[in-house]
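Visitor: In my numbering, the protein residues as written are 16 to 651.
Note that beta-carbon positions come from the ideal geometry of N, C-alpha and C, so glycine has one too.
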RNA sequence: GGACCCAUCGCCUAGUGGAUAUGGCGUCAGCCUCCUAAGCUGAUUUCCCGGGAGUUCGAAUCUCCUUGGGUCCGCCA
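Below is the structure:
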């Protein structure tokens, strides 16, 4: 069922212009504007050049061609009208209802893919997310990252691609040493178990402890540090080296300097495999990772493969050395190997190997891209990373191209989340932990449920509260266009009213409620929500879809018709929010229909038709909700 | 200083060069003897695509300039 194609064929017959075959005409047939009461439209301005007529004339002429006798041959077209330059097509809603609802009933997944091209080629796609540091728990920024990464993965696999979800744990480096240092100092053999803490939160506590300690010690040397920085900022001719040395020595002698020294030493010891340092590192990292796994489970995130920075950080050197040999990179007089760029938006120079021969983060990135290709021989590699790293990613992709790996790399660059207080910083609590947000939302939901059902079984309360909380969170984040920054106010931002996850769940639950009430009255309903079972005896073919003539019904049916297009567009442009908006539209249209069109009190034929419409809505809602790992509720 | 991104009603937000620019929140007024009021209807602003120029039959959308905000410009990760 593709009305646009049928219309194109009819039009091609009428126009009989070799420059406008049906295959070309179909591209001019667009979905009509929401406000206009029509299904398809041709903006005839666009045909002006080909037909050598003014837009409004074309619309008029074509409208006249659709004589009643011609229209009689195509019952699916109800009406055609020219409005200025627009040629509007009205599809017969009764026929559309029958087509759409029957297709949804027979297989909603198949229906969802009905607008994918026949020549669709499945690709291998790697999606990397959220690649956290192992020194603190996942925070709200990671939640957006995870949900976007997961959404991309799910949409791509739904339309038929092979998706590999990967993660990179940044488990080494100075930031890891910081929490290790604090644990050595203050940990006293405490463990997550002895403290009854989620292990990654336990590790994070020491990262915060380090920051507090560092700040405390910093106060004593603030003056010298400022002076030092000022001096260092000067051009090399202006710098007073004696002053710099003197200041540095003074700072080194203070507890703050001591701390920095110990950190550096720890990093060196780690690289030299000093047993005690490695043991501590292993212990704390396994805590962090264990905690991450729990959070991933909460969001049902499963990675195909996890890479560890500690295992690959050194491995990009060969690639750089090869590049040097080929003359792609340069070696500076002090030994450092650099890449130079002249393109706009790139740094002039990027160091790839330090003068002391050690590697940098970007060195590893080069390796990892190759490693991923070895592992998955991907067609497309998506990095889900915040937009503050736009330049780094651009640099990376440019370097990969220079190295002869100009593959389809995509930086899925999403916007920043800010708190009401400003940007989130892991230090000093201006950060919201992912786990805490879930908990907070669950509590909120719990209260709401208890208000409504004071005697409900506690287990059931918790179950519903969890689903509502997750739906609220996922929807709240995914409904924003992904490049947009947004402000997260943990106190107020997430409400259960308006454009929210719970609103969608509520619409779904109401459909179930209708079915439940129907069952009580021994009315044949298409679905039993309490048993999660489809009524096998239910016959869609026996339904008279001609009865669905109410404005709200027609609007709802048109909306259901759009699902395959919406899915295609959202998946191909990597924009999950399109489907979130669509969910919202369906829920809104359904609720309007629900308020205006009674179902169970109607005569049996109209009742059956409306029940079928409800079931079609339910199936679409569930298909999209579950696509994004949102679990529906049969009762709210 | 350079590069990149953003700007839509009191607030949040959608918008794939085309019709009167999408929804939501807030405020006010209605709607439960009726399939769950986490809902619906109406009112509120009648104005808004930060400002200016250009391209176009047509610009919130493309280009340039400009203003304001953000981010990035480590031999950190």
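Is the distance from the Cβ of residue 44 to the Cβ of residue 101 below 8 angstroms?
Guide: As a first step, residue 44 must be located in the first chain, where it is residue number 29. As a first step, residue 101 must be located in the first chain, where it is residue number 86. Cβ distance not < 8 angstroms, so residue 44 and residue 101 don't count as in contact.
Visitor: On a Cα-Cα basis, can you pick out the residue from 193, 243 and 211 that is closest to residue 227?
Guide: Taking the first chain and counting its residues from 1, one reaches residue 227 at position 212. The residue with the shortest Cα to Cα distance from residue 227 is 193.
Visitor: Report the option in 233, 530, 196 and 354 whose CA atom is closest to the CA atom of residue 220.
Guide: In the first chain, counting from the first residue as 1, residue 220 sits at position 205. The residue with the shortest Cα to Cα distance from residue 220 is 196.
Visitor: Does the beta-carbon of residue 471 have 16 or more other beta-carbons within 10 angstroms, so that it is buried, or is it exposed?
Guide: The residue labelled residue 471 in the question sits at position 456 within the first chain. Residue 471 comes out exposed.
Visitor: Would you say residue 417 and residue 338 are within 8 angstroms of each other, going by their C-beta atoms?
Guide: Here residue 417 is taken as the residue at index 402 of the first chain, counted from 1. Here residue 338 is taken as the residue at index 323 of the first chain, counted from 1. Result yes, Cβ atoms of residue 417 and residue 338 sit closer than 8 angstroms.
Visitor: Just the C-alpha distance for residue 17 and residue 573, rounded to the nearest angstrom, thanks.
Guide: Start at 1 with the first residue of the first chain, and residue 17 comes out as number 2. Start at 1 with the first residue of the first chain, and residue 573 comes out as number 558. Going from the Cα of residue 17 to the Cα of residue 573 covers about 13 angstroms.
Visitor: Can you pull the DSSP bridge partners for residue 183?
Guide: The sequence position of residue 183 within the first chain is 168, counting from 1. In DSSP, residue 183 forms a bridge with 322.
Visitor: Would residue 565 and residue 632 qualify as a contact pair, given that the criterion is a beta-carbon distance under 8 angstroms?
Guide: By 1-based counting over the first chain, the position of residue 565 is 550. By 1-based counting over the first chain, the position of residue 632 is 617. No, these two residues do not count as a Cβ contact at 8 angstroms.
Visitor: Within 10 angstroms of its Cβ, does residue 473 collect 16 or more other Cβ (buried), or is it exposed?
Guide: Residue 473 sits at position 458 when you count from the first residue of the first chain. By the neighbour-count rule (16 or more Cβ atoms within 10 Å), residue 473 is not buried but exposed.
Visitor: By a C-beta neighbour count over all protein chains shown, 10 Å radius and 16 as the cutoff for buried, is residue 405 buried or exposed?
Guide: Along the first chain, read from residue 1 onward, the residue named residue 405 stands at position 390. Residue 405 should be labelled exposed.
Visitor: Assess, as a yes-or-no matter, whether the region 482-495 is touched by the region 449-461 under the definition of 3 or more beta carbon pairs within less than 8 angstroms.
Guide: These segments touch.
Visitor: Could you compute how far the alpha carbon of residue 110 sits from the alpha carbon of residue 91?
Guide: Within the first chain, numbered from 1, the residue matching residue 110 stands at position 95. Within the first chain, numbered from 1, the residue matching residue 91 stands at position 76. Cα to Cα, residue 110 sits roughly 6 angstroms from residue 91.
Visitor: Near residue 646, what residues of its chain come up, given a Cβ to Cβ distance below 8 angstroms and the 5 sequence neighbours on each side ignored?
Guide: For the purposes of this step, residue 646 is taken as residue 631 along the first chain, with counting starting at 1. These residues qualify, in order along the chain: 482, 485, 486 and 640.
Visitor: Identify every residue that forms a DSSP beta bridge with residue 427.
Guide: Counted from its first residue, the first chain places residue 427 at position 412. Beta-bridge pairing links residue 427 to 399.
Visitor: Roughly how many angstroms separate the alpha carbons of residue 596 and residue 516, rounded to a whole number?
Guide: Here the question's residue 596 lines up with position 581 in the first chain. Here the question's residue 516 lines up with position 501 in the first chain. When rounded, the distance between both Cα atoms is 11 angstroms.
Visitor: If we require 4 or more residues per run, which alpha helix (DSSP H) segments fall completely within the region 603-646?
Guide: Counting whole runs of 4 or more residues, the region 603-646 contains the alpha helix (DSSP H) stretches 619-642.
Visitor: Is the Cβ-Cβ distance between residue 635 and residue 116 less than 8 angstroms?
Guide: By 1-based counting over the first chain, the position of residue 635 is 620. By 1-based counting over the first chain, the position of residue 116 is 101. No, the pair does not count as a contact, with Cβ atoms beyond the cut-off.
Visitor: Would you say residue 173 and residue 586 are within 8 angstroms of each other, going by their C-beta atoms?
Guide: In the first chain, the residue the question calls residue 173 occupies position 158. In the first chain, the residue the question calls residue 586 occupies position 571. Against a cut-off of 8 angstroms, the Cβ pair of residue 586 and residue 173 comes out as a contact.
Visitor: Between residue 379 and residue 324, which are expected to be in contact by the criterion C-beta below 8 angstroms, what is the C-beta distance as a whole number of angstroms?
Guide: Along the first chain, read from residue 1 onward, the residue named residue 379 stands at position 364. Along the first chain, read from residue 1 onward, the residue named residue 324 stands at position 309. Between residue 324 and residue 379 the Cβ distance is about 6 angstroms, and since that is below 8 angstroms, they are a contact.
Visitor: Please list, in chain order, all residues of the same chain as residue 346 whose beta carbon is under 7 angstroms from its beta carbon, the five residues on each side excluded.
Guide: Position 331 of the first chain, counted from the first residue, corresponds to residue 346. Answer for residue 346: 339 and 352, listed in chain order.
Visitor: Between the C-alpha atoms of residue 496 and residue 399, what's the straight-line distance to the nearest angstrom?
Guide: Here the question's residue 496 lines up with position 481 in the first chain. Here the question's residue 399 lines up with position 384 in the first chain. Taking the straight line joining both Cα atoms gives about 14 angstroms.
Visitor: CB-CB under 8 angstroms to residue 177, same chain, minus the five flanking residues each way: which ones, in chain order?
Guide: Your numbering for residue 177 matches position 162 in the first chain. 137, 138, 139 and 140, listed in sequence order.
Visitor: So, helix, strand or coil for residue 518, using DSSP?
Guide: Translated into positions along the first chain, residue 518 becomes position 503. Helix.
Visitor: Given this structure, state the Cα-to-Cα distance separating residue 29 from residue 80, to the nearest angstrom.
Guide: By one-based count along the first chain, residue 29 stands at place 14. By one-based count along the first chain, residue 80 stands at place 65. Going by the C-alpha atoms only, they are around 7 angstroms apart.
Visitor: What does the alpha-carbon distance come out to for the pair residue 397 and residue 143?
Guide: As a working mapping, residue 397 is identified with position 382 in the first chain. As a working mapping, residue 143 is identified with position 128 in the first chain. Spanning the two alpha carbons is a distance of roughly 6 angstroms.
Visitor: Starting from the Cα of residue 42, find the closest Cα among 605, 280, 452 and 26 and give me that residue.
Guide: Start at 1 with the first residue of the first chain, and residue 42 comes out as number 27. Taking only the C-alpha atoms, the option nearest residue 42 is 26.
Visitor: Across which residues does DSSP place residue 577 in a beta bridge pair?
Guide: Position 562 of the first chain, counting from 1, holds the residue named residue 577. DSSP lists no partner for residue 577.
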